[in-house]
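If you read the sequences in order, they're chains P and H.
Under this note's numbering, the first residue of the first sequence carries the number 3, and numbering increases by one thereafter.
Under this note's numbering, the first residue of the second sequence carries the number 27, and numbering increases by one thereafter.
Just below is one structure, and these are the notes that go with it.
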Amino acid sequence: MYPAAFEYHAPTSVRDALGLLGSLEDAKILAGGHSLVPMMKLRLAQPKHVIDLRKVPGLTGIKEEGSTIVLGAMATHWDVESSPILKAKAPVVAETAAVIGDPAVRNKGTIGGSLAHADPAADMPATAIALGFELVCEGPKGRRTVKADDWFQGLMSTALGEDELLVEVRVPVWPAGSGACYMKFPHPASRFAVVGVCAAVTLDKNGACTRAGVGVTGAGTKAVRARGVEAGLAGKRLDAAAIEAAAQKAAEGVDVQADLQGSVEYKAHLCRVFARRAIEAAVKRAQG
Amino acid sequence: MKLPVTMTINGQSYSHEVEPRLLLVHHIRETVGLTGTHVGCDTSQCGACTILMNGQAVKACTLFAVQADGAQITTIEGMAKNGELHPIQQGFWEKHGLQCGFCTPGMIMAAAQMLERYPRPTEEQIRHQLEGNLCRCTGYHNIVKAIQWAAEHMAAGK
Ligand SMILES: Cc1cc2nc3c(=O)[nH]c(=O)nc-3n(C[C@H](O)[C@H](O)[C@H](O)COP(=O)(O)OP(=O)(O)OC[C@H]3O[C@@H](n4cnc5c(N)ncnc54)[C@H](O)[C@@H]3O)c2cc1C
Ligand code: FES
Ligand code: FES
């Protein structure tokens, strides 16, 4: 398997990387390479220039800033999976990373690459929407922050500008009394999500839901917020009947696609089943 | 344009000029001549090409050689020491963890990473950690036993 020929660049600062991105024709950023390289091997991608971020300092690391956890875009899925800060403050993010692909994929693939690539069957997008990640992009004009809700725009297309890098992913820590869970039906060979749902809830002292976030991935062309499910959870005491009723709305607003994995009806059904399971687990965790 | 790359493989330094599109697995097999690392698929799924790069298990078919410039690499050829099999290799021998053997180098490198992170893995952990390694022959059963054997002997040896 030989990809088409290209020129390789390994800049040593964000500035130099942006300079190359702005001046070279037909250039692609290389992070972990675990989406780009497979596509290049199959010649589905044939960039003339590849700009590797591996030598750019300051893009890795996971740190706490008040009630936000800040991840460098080049933090690998393994860094995320094994992060003590995330395990303590936002365990669902570490758990989502832990079910991406396999250990070797997680050693190289990055959270920034996953969110920038926006594969319709990727896992992290569901969790990004449910918790409300913010994505920090840097371009020639400086930095800007995009909410996860505005990030995913279509099949493998995002709000990232052509002249921008994704540099940081900001994860809000939900308050005490919250719980979250990501559940997926994995493709048996690739482990990608045929359907994946992340649910997060906050319960008050009486067990009523004061806040809910639900993201759905895999079924459609992009990950989306399941607003109908969230509305069905808000203000309710989340017993089995309330959860079941809310989960029925999980495929609403998803442009469910039929493919080799299943029909539209089947995948919509998976959305509802996995929404129910993820919410049940999230509620259990919120109850402590 | 060819670029210079230098990497340490099994303790020995190798310098070459390579095309950027050369995959690391082809570099190891064809430029360096270590053919224990296998290529089993075109889609980054089988794990036959698994090596350790800077201490982490990676799929050498999903990296360019230029990305490994400056890296420390261990391949299956680097596992046995002074003519003695590594306990993981011994485990595959003792528990009959292979049939055709094509997947075995990758299995052993993946197991090396696994036992470093989880020295006493449960069967479930072993199976989850082997999700990136496909075997067409064994049904995985004896591979799991081989890794359990290795875990016990490595723990006892410490
Ligand atoms: C066998 C296999 C199984 C997999 N299974 C799963 C799975 O189950 N679930 C899942 O979610 N994913 C899965 N993946 C994909 C994996 O998670 C990738 O790591 C991820 O999609 C891309 O991250 P990367 O760092 O490898 O990005 P790359 O492949 O390097 O880049 C991907 C794209 O994003 C762009 N990009 C990357 N980083 C940046 C940045 N910082 N700024 C701007 N643009 C950027 C690149 O230009 C490129 O277009 C699998 C991959 C493989 C090979
Ligand atoms: S050859 Fe590398 S994963 Fe199959
Ligand atoms: S022993 Fe033949 S593929 Fe595993």
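All residues carry an ideal CB built from backbone N, CA and C; glycine is no exception.
Model, not experiment: these values are computed from the prediction.
Determine the DSSP secondary structure at P:Y4, reduced to helix, strand or coil.
The answer is coil: DSSP assigns P:Y4 none of H, G, I, E or B.
Please confirm whether H:L60 has its beta-carbon closer than 9 Å to some beta-carbon of chain P.
Proximity of H:L60 to chain P, defined by a Cβ-Cβ separation below 9 Å, is not satisfied.
Could you tell me how far apart the beta carbons of P:K251 and P:V197 are, in whole angstroms, since I believe they sit closer than 8 Å?
The distance from the Cβ of P:K251 to that of P:V197 is about 15 Å, inconsistent with a contact at the 8 Å cut-off.
Let me know the secondary structure DSSP gives H:M135 once reduced to three states.
H:M135: helix per DSSP, three-state reduction.
Alpha carbon to alpha carbon, how far is H:Q71 from H:E110? Give it in angstroms, no decimals.
Approximately 31 Å, taken between the alpha carbons.
Just checking: is the beta-carbon of H:Q116 within a distance shorter than 9 Å of some beta-carbon in chain P?
Interface flag for H:Q116 against chain P is unset, since no Cβ pair is found closer than 9 Å.
H:V170 and H:L160 - do their beta-carbons sit closer together than 9 Å?
No, the Cβ-Cβ distance between H:L160 and H:V170 is not below 9 Å.
Could you tell me which of P:L272, P:A284 and P:D152 sits nearest to P:C200, measuring between CA atoms?
For P:C200, the closest alpha carbon among the candidates P:L272, P:A284 and P:D152 is that of P:A284.
Check distances from the C-beta atoms of the stretch 30-62 of chain H to those of chain P and list, in chain order, the residues that come in under 9 Å.
Per Cβ criterion, the list reads E45, P46, R47, L48, L49 and H52.
I believe H:H64 touches H:P113 by the beta-carbon criterion, under 8 Å. Please report the beta-carbon distance rounded to the nearest angstrom.
Cβ-Cβ separation between H:H64 and H:P113: approximately 22 Å, too far for a contact (criterion under 8 Å).
Along chain H, which residues have their Cβ under 7 Å away from the Cβ of P:F135?
Chain H residues near P:F135: none, gap ~25 Å exceeds 7 Å.
Smallest Cα separation from P:L262: which of P:V138, P:P86 and P:G220?
Checked all of P:V138, P:P86 and P:G220; the closest Cα to P:L262 is P:G220.
By Cβ distance below 7 Å, which residues in the same chain neighbour P:L88 in space, the five residues on each side in sequence not counted?
Only I64, I71, V82, V95 and A96 meet the Cβ criterion.
Residues bridged to H:K28 [DSSP beta-bridge criterion]:
H:K28 pairs with nothing; no bridge assigned.
Identify each residue in the stretch 169-201 of chain P for which the Cβ-Cβ distance to at least one residue of chain C is less than 8 Å, and report them in chain order.
The structure shown contains no chain C; the protein chains it does contain are P and H.
Per DSSP, H:V84 is paired with what?
Paired residue(s): H:I77.
Chain P partners of H:E20, CB-CB under 8 Å?
As displayed, chain H neither begins before 27 nor continues past 184, which places residue 20 of chain H out of reach and without an answer.
Span of the beta strand (DSSP E), counted from its first residue to its last, around P:M185:
Start and end: S180 to P188.
Please check the pair P:L44 and P:L38, which I expect to be a contact at CB under 8 Å, by giving their CB distance rounded to whole angstroms.
Not really, about 11 Å apart at Cβ, beyond 8 Å.
Compile a chain-ordered list of the residues in the stretch 38-71 of chain P whose CB is closer than 9 Å to at least one CB of chain H.
Of all residues in the stretch 38-71 of chain P, only V39, P40, M42, K43, L44, V52, D54 and R56 come within less than 9 Å of chain H when Cβ atoms are compared, listed by chain position.
Please indicate yes or no: does the CB of H:T69 lie closer than 8 Å to some heavy atom of ligand 2?
In this structure, H:T69 has its beta carbon less than 8 Å from a heavy atom of ligand 2.
Is H:P145 buried or exposed, if buried means 16 or more other CB atoms sit within 10 Å of its CB?
By the C-beta density criterion, H:P145 is exposed, having fewer than 16 other C-beta atoms within 10 angstroms.
Looking at the strands, I want to know which residues DSSP matches up with P:E140.
As a beta-bridge residue in DSSP terms, P:E140 pairs with P:R145 and P:L167.
Hey, does P:E9 have any beta-carbon neighbour from chain H nearer than 9 Å?
Answer yes: the Cβ-Cβ gap between P:E9 and chain H drops below 9 Å somewhere.
Within 8 Å of chain P by C-beta, residues of the stretch 73-88 of chain H in sequence order:
For the stretch 73-88 of chain H, which is checked against every Cβ of chain P, the residues closer than 8 Å are G73, T76, Q82, A83, V84, K85, C87 and T88.
Given the structure, does H:K85 come close to ligand 2, in the sense that its CB is under 8 Å from one of the ligand's heavy atoms?
Answer for H:K85: yes, Cβ within range of ligand 2.
Output the boundary residues of the beta strand (DSSP E) element that contains P:E232.
Per DSSP, P:E232 belongs to no beta strand (DSSP E); it is in the alpha helix (DSSP H), R229 to L235.
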